[in-house]
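Asker: Attaching a single structure in structure tokens format; questions to follow.
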Amino acid sequence: MLFTSSRSLIKIGASLCSLRLITVSCAQSNMGNEDYKSAKSVYDFSVKDINGEDVSLEKYRGHPLIIVNVASQCGLTANNYKELVELDEQYRESKGLRILGFPCNQFGH
Numbered sequence: 001m002l003f004t005s006s007r008s009l010i011k012i013g014a015s016l017c018s019l020r021l022i023t024v025s026c027a028q029s030n031m032g033n034e035d036y037k038s039a040k041s042v043y044d045f046s047v048k049d050i051n052g053e054d055v056s057l058e059k060y061r062g063h064p065l066i067i068v069n070v071a072s073q074c075g076l077t078a079n080n081y082k083e084l085v086e087l088d089e090q091y092r093e094s095k096g097l098r099i100l101g102f103p104c105n106q107f108g109h
């Protein structure tokens, strides 16, 4: 599968319902309930990684991002994980792609 632009990668990533955790697993934003309204971009947010450490999304500025929900209970998980791993392997080094997974299993019910 060959994609000619970062925009194509983002569209594909956004259409998938689940993702193998590749870069960051985020349980919640560190922004308060009202603070998100003042955000100008994704880079204004900080989140917790899989180890509970704060991660500013500013660190991903300049990288094409795929930001998706991780739904391990989704019936499409096995295929989607495989496809996203392939995207990561193909574009991480050559294009700087980063994939951010936010867990949410409500899609499997």
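Each residue of the sequence shown is one higher than the one before, starting from 1 at the first, in my numbering.
Positions of the beta carbon are idealized from the N, C-alpha and C atoms, including for glycine.
Model, not experiment: these values are computed from the prediction.
What distance in whole Å lies between the Cβ atoms of residue 63 and residue 97, which are believed to be in contact at a cut-off of 8 Å?
Answerer: By one-based count along the sequence shown, residue 97 stands at place 97. By one-based count along the sequence shown, residue 63 stands at place 63. Contact holds; Cβ gap of about 7 Å.
Asker: Where does residue 48 sit, in a helix, a strand or coil, going by DSSP?
Answerer: Position 48 of the sequence shown, counted from the first residue, corresponds to residue 48. In this structure, residue 48 counts as strand in the three-state DSSP scheme.
Asker: Counting C-beta neighbours from all protein chains within 10 Å, is the total for residue 78 16 or more, i.e. buried, or is it exposed?
Answerer: As a working mapping, residue 78 is identified with position 78 in the sequence shown. The residue in question, residue 78, is exposed, as its Cβ has fewer than 16 Cβ neighbours within 10 Å.
Asker: What does the Cβ neighbour count give for residue 52, buried or exposed, with the cut at 16 atoms within 10 Å?
Answerer: Along the sequence shown, one-based indexing puts residue 52 at 52. Under this definition residue 52 is an exposed residue.
Asker: May I ask which residues mark the beginning and end of the beta strand (DSSP E) holding residue 120?
Answerer: Past the edges of the chain, shown from 1 to 109, lies residue 120, and the structure says nothing about it.
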